[in-house]
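Residue 1 is where the sequence shown starts when you use full-length UniProt numbering, and the numbers rise one by one after that.
Where is the CB? At the ideal position from N, CA and C, for every residue including glycine.
A quick write-up on the structure given underneath.
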Amino acid sequence: MAPADQINTESPYYQEKASSSGDEVKAYDNVHDGVAKDSSFEAEKPAEERQLHRALKGRQISMIAIGGALGTGLIIGTGTGLANGGPASILISYSVMGFCCAAVMSALGEMSTYMPHPRGFAGHATRFVSDEFGVATGYNYLFKYLVVTANNINAAALVIRYWNADLSGGIWIAIVTVLIIALNFGGPKWFGEVEFWLSLVKIITMTGLILLLLIIDLGGSPTKDRIGFRNFQDGLAFRAYPGTSGSKGMFLGFWSTMVTALFAYTGTELVGVTVGEAANPRKSVPSAIKKTFFRIAFFYILGALLVGMVVPSNAPQLLAANKKGTSAAASPFVVAIIRAKIRVLPDIINAAILIFCISAANSDQYIAARTLYGLAIDGKAPKIFRRVDKRGVPYVALSVTALFCGLAFINLASGGPQTFSYLVASVTMFGGLTWICILISHIRFMKAMKAQGMARSSLPWQAPLQPYSSYIAVVFTAIVVFFKGWNSFLFTFNWRTFLTNYIGLPIFFIILIGWKLWHKTKFIPSTEVDLITDVREFDEQDELIWKQDEEKAAAEIANAPLYKKAWVYAKNW
């Protein structure tokens, strides 16, 4: 197996690109080197022919990857899981789904580094599985982000009302919506820089909270109470799901945390959509994915462990927190701080949660627009959505997806909160189906390589534990997705809960089957999967850009003072 960080110049990919003409190299240089040459070349083209600018830097891609997963699902969702299943349940579920998340990211990394293009993993699904599968994958992902963007805008408005409950939530929803749309129309370079700093705040916040929980657990709080693993003892490790009892109740409590963990992790895969605007995807994407592995272990698994150690699953404050919505009061981290009698911090954490929500809404809107754009250039959506302005913004696609931010205003209507909660409940299904589609595409990619005599060692980047982890992860994810609506049958059948939990499945299969019947598409045999087209354009320029980036970075810090070297290391961590 070749080193994970090295470009393999003996692969069929590189043998094919060696035959590229000078015109093709020039086209790549002008169209895809967004940092250097896209401005003059692309500006001369009609809007329909312009392409996305490769303006996202490696450090931005890395931060966007982890920032996509660090959201309210972690800082607040862990409290719901702890109350429903207990500390051992959330530790196990976050570990299992963390493995699945890592498998999805590594699968995405192998496909994206071999064939990086603006169609993202929906394009991979089309290429490696079938045309209808790619269409269903793309629209499934689009629907998720049309809903979840509005959810995060609404969450941000609720957080702001923590300080001033007198003003109407509609005012804050409008302000946050305008801010998100403005950030996205600023172009990929502006979006990448803003998201870099917002994600950095997320990482600093979570690092600080994890260290604080460790200090509290070891007795460093004003209460001087050394907690240790007390909350894992005396029958507190596993908690029966509310309204149930016994071993059955404990299993249901555990299973509910699996669904919570899946929701918390979904969003990490958005790095696969940024490939179309990455300055050097074969370097930045593997780097971002490898760093994501370590951050999953640190933020999610260690965070779940420490929350379970510090906050008892039967604490009255925790049970009350689950009724508080989205503000800091709903976070188990705040419950831990309150129990430790530490003042002021809840306000600071509420400000951090606001940043979490704005960052999530910002990236959600970005992904929604790029997904619609990708469907258009793949011929799966109207051509008008292909239009890109001089800054590399797919402005027509963005204008349409931005309209769905208005869903956040549903909360203000009579009966609106209930309706909106039904929409949000569908997000986990859309996210889980996305993971399954990525993993199936990767499995088919591996089968096609084997059928056509290509060894894994020929890939530009090889992920650890692949291809086996894709098989394991697709089984686990499918089981969680299929049984995520189990609570619909608890006590008495609740058709509303059932519908919102599973609405994503019929939508997915209606699109898949409908496209197949209408266009008479067929499943692509492994021997006929196209592993060459679109790969040629990523020729020797990749190696050239890679070397130039390394030389530039080395020159910047060669004679730099110690503080600057420390900063460069920190921002690339």
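- For serine 130, no alpha helix (DSSP H) encloses it, and the DSSP letter there is neither H nor E.
- In the structure shown, threonine 533 adopts coil according to DSSP, grouped into three states.
- Secondary structure in the region 322-410: the alpha helix (DSSP H) runs of 4 residues or longer, each lying completely within the stretch, are 332-339, 345-377, 395-403 in chain order.
- In this structure, the CA atom of glycine 208 is about 11 Å from the CA atom of alanine 352.
- Taking 8 Å as the cut-off, the Cβ atoms of glycine 187 and valine 393 count as close.
- In the DSSP assignment, proline 87 falls within the alpha helix (DSSP H) that extends over 87-114.
- Pairing alanine 451 with valine 176 gives a Cβ-Cβ distance that is not under 8 Å.
- By the criterion of a C-beta distance shorter than 8 Å, valine 147 is surrounded in its chain by Phe404, Leu407, Leu423, Val424, Ser426, Val427, Phe430, once the five residues flanking it on both sides are discounted.
- Exposure of isoleucine 513 is indicated by the presence of fewer than 16 other C-beta atoms within 10 angstroms of its C-beta.
- Serine 313 sits in coil when the DSSP states are folded into three classes, being neither helix nor strand.
- Three or more beta-carbon pairs separated by less than 8 Å are not found between the region 305-315 and the region 139-159, which leaves the two stretches without contact.
- Put simply, the region 387-402 does not touch the region 462-478. Fewer than three CB pairs are less than 8 Å apart.
- With a contact defined as Cβ atoms closer than 8 Å, glycine 253 and serine 89 qualify at about 6 Å.
- Contact check between the region 333-343 and the region 120-137: fewer than three CB pairs, one atom from each, fall below 8 Å, which does not count as touching.
- A straight line joining the alpha-carbon of asparagine 501 with that of lysine 564 spans about 50 Å.
- Here the alpha carbons of threonine 492 and threonine 257 stand approximately 21 Å from one another.
- DSSP places serine 245 outside any alpha helix (DSSP H), giving it a letter other than H or E.
- Excluding its 5 nearest sequence neighbours in each direction, glycine 374 has C-beta neighbours in its own chain below 8 Å: Pro118, Arg119, Gly120, Ala122, Gly123, Gly138, Val273, Gly276, listed in chain order.
- Rounded to the nearest whole angstrom, the CA to CA distance from tyrosine 265 to phenylalanine 356 is 14 Å.
- Counting C-beta atoms within 10 angstroms of its own C-beta, isoleucine 358 has 16 or more neighbours from the protein chains shown and is therefore classed as buried.
- The C-alpha of arginine 239 lies about 14 Å from the C-alpha of serine 93.
- With distances taken between CA atoms, threonine 260 lies nearest to Gly98 out of Ala315, Gly98, Ser168.
- With a cutoff of 8 Å on beta-carbon distance, glycine 109 and asparagine 411 are scored as not near each other.
- Taking C-alpha positions only, glycine 243 is separated from methionine 250 by approximately 11 Å.
- Here the C-alpha atom of leucine 213 lies approximately 15 Å from the C-alpha atom of leucine 74.
- Per DSSP, reduced to three states, the secondary structure at glutamine 466 is coil, with no helix or strand assignment.
- About 21 Å separates the beta carbon of glycine 235 from that of arginine 226, a gap too long to meet the 8 Å contact definition.
- Going by beta carbons, alanine 107 and leucine 439 fall inside the 8 Å limit.
- For proline 464, the number of other beta carbons within 10 angstroms of its own is below 16, and it is reported as exposed.
- Scanning its chain for C-beta atoms nearer than 8 Å, with the 5 sequence neighbours on each side dropped, one finds around leucine 372 the residues Leu142, Ala381, Phe385, Pro394, Ala397, Val400, Thr401, in chain order.
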